[in-house]
Every structure is written in C-alpha cells, then in structure tokens.
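*Asks:* Here's a structure for you.
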Amino acid sequence: MTEPTITQLQPMPEDWLRALAVVAHPDDLEYGCSAAVAAWTDAGREVGYVLATRGEAGIDSVAPAECGPLREREQRAAASAVGVSTVEFLDHRDGVVEYGPALRRDIAAAIRRHRPELVITLNHRDTWGGVAWNTPDHVAVGRATLDAAGDAGNRWIFPELVEQGLEPWDGVRWVAVAGSATPTHAVDASAGLERAVGSLLEHRAYIEALTDEEPESYARGFLTGVAKSAGERFGGRPAVAFELFNR
-12 MTEPTITQLQ PMPEDWLRAL AVVAHPDDLE YGCSAAVAAW TDAGREVGYV
38 LATRGEAGID SVAPAECGPL REREQRAAAS AVGVSTVEFL DHRDGVVEYG
88 PALRRDIAAA IRRHRPELVI TLNHRDTWGG VAWNTPDHVA VGRATLDAAG
138 DAGNRWIFPE LVEQGLEPWD GVRWVAVAGS ATPTHAVDAS AGLERAVGSL
188 LEHRAYIEAL TDEEPESYAR GFLTGVAKSA GERFGGRPAV AFELFNR
C-alpha cells in the first residue's frame, strides 16, 4: 500500500514590517504562536498585541476583580519576553464575548491604529481538530478578526471611526490563524522556542490553577510537543503553524 503524501507547510511571508495579533484572552498567544513572534521581533519586525478581554473569568479560585489585573500583568510580562511592548485590552467580558458589529468595530479600530500588514488570530472554528470543543470567545474573536481586516479598509463601515480620527487602513495583506487544524504555512521555531517557554511561564498563576504539573515542565512539554508536530511538515524543524488567508 502506498503511504499517503504529507503536504508540507510553506514558509510564512517575510516581506512585511508590522503585525498585529488579536486574540480573546491572556495566554492565547503564548499557547499559540509566541515562538514565531520571538523570531519576528528578532528580525526587527514590529508586533503588537490586542486582547478582547483581560481573562478575568479564567481562574476559578480568584474573583474577577482580582483576576483581571493579575492576568493583565502576566500578559504584559509574557509579551515582553518575546520582544512585544504594545499590549492593549478591549475590555469585552471574559467568557461571554459576542460576535457582532461591536466586536468587529473595536478590532477594526485597532487595525486602523496599528496599520499592520499581517494580522494574527487564533482558531475560530467550532473545534480543535474535531477532538475538543472550542470556546465561544475564541470563535467570536477569531471570526471577528478575519472580518475586521476587511472592515478596517472600508470608510463606510463604522464611519464613526473616521470621525474619531481613524482613517481606513486597507494595507492588511494576510490574516494568519494559529492553532488551525488545516495549516498552510509555518515559521521555524528553533531560535524562539526557549523564549516562548519563558513567555508562557509568565502566566504562572493561571498555569498553577490549571494543572498540578510543575509549571516549567508543563510549559516546555506543551510547546515542544506542538512545535515538533508542526515540524513534521516543515522539514523536520520545530515550527509554529498557521492557516494563512490572503486579502
């Protein structure tokens, strides 16, 4: 019997200077693609983070009023570990983010402010590879980000943004979805993987509430496992995989 051909992942485009990552919660990027972010910032590219929520509903043992500021601090430290200094929060409610015009408008406004060529988000589909159910927040934010990349360039969608001084930005060339079950492209994670582990470890309060495993062992095991799996389709190199949509 002939072995099935494994489709290789293509290298991500490199002819860009600015990227904006838009996700639902603190830690989404650290689980999803921070090794790629480290490689990009090392190369002199500018990457900003926008989070729909502060993750205030993410730790069962910590009330939202205390949890939100805690997770914000952890997120800023995690971003700094991979060379990202710009971290913004849109203050939608954690756990009940709704897809719709309000979310699209907030993300379109962020895209107009930052004027990226590449936009990054997290898996927007109902499941993680058909195995685990995705959360409503991930679905809503991922889908809204894909839509807002177009909204940002149309002055007649959300005209109030122009009144606020945010002129249309039609310069988004790609939207890259991390955590997709159908990736098309990848970034070599070799140089950034160690800092990605450190970045995820900045979410220590969240990790300690999530698992009894020692935090560094947990973070390293998770990220190296994902990078190795993606690397099987990227020349054997550890990798971060993305599903890339052209605009």
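In our numbering, the protein residues as written are -12 to 234.
Quick reminder that beta carbons are idealized off the backbone N, C-alpha and C, glycines included.
None of these values were measured; they are calculated from a predicted model.
Which first and last residues belong to the beta strand (DSSP E) in which Ile107 is found?
*Replies:* Residue mapping note: residue 107 aligns to position 120 of the sequence shown, counting from 1. Counting along the chain, the beta strand (DSSP E) containing Ile107 begins and ends at 105 to 109.
*Asks:* I need the DSSP call for Glu53, collapsed to helix, strand or coil.
*Replies:* Taking the first residue of the sequence shown as 1, we reach residue 53 at position 66. Looking at Glu53 - three-state DSSP - the assignment turns out to be helix.
*Asks:* Pairs of beta-carbons, one from the region 34 to 41 and one from the region 70 to 86, closer than 8 Å: are there three or more?
*Replies:* yes
*Asks:* Which class does His172 belong to by DSSP, given the choice of helix, strand or coil?
*Replies:* The count along the sequence shown starts at 1 and reaches residue 172 at position 185. His172: strand per DSSP, three-state reduction.
*Asks:* Closest to Asp157 by CA distance: which of Gly137, Glu147, Asp175 is it?
*Replies:* For this step, residue 157 is matched to residue 170 along the sequence shown. Ranking the options by Cα distance to Asp157, first place goes to Gly137.
*Asks:* For Ile107 and Ala139, I'd like the C-alpha separation in whole angstroms.
*Replies:* Within the sequence shown, numbered from 1, the residue matching residue 107 stands at position 120. Within the sequence shown, numbered from 1, the residue matching residue 139 stands at position 152. Using only the alpha carbons, I get a separation of about 15 Å.
*Asks:* By Cβ distance below 8 Å, which residues in the same chain neighbour Met(-1) in space, the five residues on each side in sequence not counted?
*Replies:* Here residue -1 refers to the residue found at position 12 when the sequence shown is read from its first residue. The residues are Ala23, Ala163, His172, Ala173, Val174, Phe229, Leu231.
*Asks:* How far does the alpha helix (DSSP H) with Gly129 in it reach, from first residue to last?
*Replies:* By 1-based counting over the sequence shown, the position of residue 129 is 142. Element bounds for Gly129: 123 to 138.
*Asks:* Kindly list the residues whose CB is nearer than 6 Å to the CB of Gly185, restricted to its own chain and excluding five residues on each side of it in sequence; keep chain order.
*Replies:* Taking the first residue of the sequence shown as 1, we reach residue 185 at position 198. Ala68.
*Asks:* Compare the C-alpha of Ile194 against each of Gln62, Ala52, Ala11 and name the closest.
*Replies:* Residue mapping note: residue 194 aligns to position 207 of the sequence shown, counting from 1. For Ile194, the nearest C-alpha among the options comes from Gln62.
*Asks:* Taking three-plus beta-carbon pairs below 8 Å as touching, is the region 126 to 135 in contact with the region 97 to 115?
*Replies:* yes
*Asks:* DSSP three-state label for Ala6, please.
*Replies:* By one-based count along the sequence shown, residue 6 stands at place 19. When DSSP states are grouped into helix, strand and coil, Ala6 belongs to the strand group.
*Asks:* Closest to Leu(-4) by CA distance: which of Glu150, Cys54, Ser167, Thr211 is it?
*Replies:* Along the sequence shown, read from residue 1 onward, the residue named residue -4 stands at position 9. When Glu150, Cys54, Ser167, Thr211 are compared, the shortest CA-CA separation from Leu(-4) is found for Ser167.
*Asks:* So for Gln62, helix, strand or coil by DSSP?
*Replies:* Residue numbering aside, residue 62 sits at position 75 when the sequence shown is read from its first letter. Gln62: helix per DSSP, three-state reduction.
*Asks:* According to DSSP, simplified to helix, strand and coil, what is Val24?
*Replies:* Position 37 of the sequence shown, counting from 1, holds the residue named residue 24. Helix, per DSSP.
*Asks:* Note down the Cα distance separating Glu219 from Leu210, rounded to an integer number of angstroms.
*Replies:* Taking the sequence shown and counting its residues from 1, the one referred to as residue 219 is at position 232. Taking the sequence shown and counting its residues from 1, the one referred to as residue 210 is at position 223. The straight-line gap from Cα to Cα measures roughly 15 Å.
*Asks:* So Ile98 packs on Leu7, CB below 8 Å; how close in whole Å?
*Replies:* Start at 1 with the first residue of the sequence shown, and residue 98 comes out as number 111. Start at 1 with the first residue of the sequence shown, and residue 7 comes out as number 20. Contact holds; Cβ gap of about 6 Å.
*Asks:* As a quick exercise: from Arg207, Arg100, Thr198, Asn141, pick the residue whose alpha carbon is nearest that of Glu181.
*Replies:* In the sequence shown, counting from the first residue as 1, residue 181 sits at position 194. Out of Arg207, Arg100, Thr198, Asn141, the CA that lies nearest to the CA of Glu181 is found in Arg207.
*Asks:* Please name the residue, chosen from Thr28, Glu154, Ala176, that lies closest to Arg100 on a Cα-to-Cα basis.
*Replies:* Locating residue 100 in the sequence shown gives position 113, counting from the first residue. Of Thr28, Glu154, Ala176, the residue nearest in Cα terms is Glu154.
*Asks:* State the Cα-Cα distance for the pair Arg236 and Phe145, rounded to the nearest angstrom.
*Replies:* Only positions -12 to 234 of the chain appear in the structure, and residue 236 is not among them; the question remains open.
*Asks:* Once DSSP output is grouped into helix, strand and coil, what is the label at Ala11?
*Replies:* Reading the sequence shown from its first residue, position 24 is the one you call residue 11. Coil.
*Asks:* Given a threshold of 16 other Cβ atoms within 10 Å of its Cβ, counted over all protein chains shown, does Pro225 qualify as buried or as exposed?
*Replies:* Taking the sequence shown and counting its residues from 1, one reaches residue 225 at position 238. Pro225 should be labelled buried.
*Asks:* Which residue comes first and which comes last in the beta strand (DSSP E) that contains Gly86?
*Replies:* What you label residue 86 is simply residue 99 of the sequence shown in a count that begins at 1. Reading off the sequence, residue 86 comes out as Tyr, not Gly. Looking at the DSSP string, Tyr86 is not in any beta strand (DSSP E), and its letter there is neither H nor E.
*Asks:* State the start and end residues of the unbroken alpha helix (DSSP H) segment that holds Ala226.
*Replies:* Here residue 226 corresponds to residue number 239 of the sequence shown, with the count starting at 1. Segment 226 to 233 is the beta strand (DSSP E) holding Ala226; no alpha helix (DSSP H) there.
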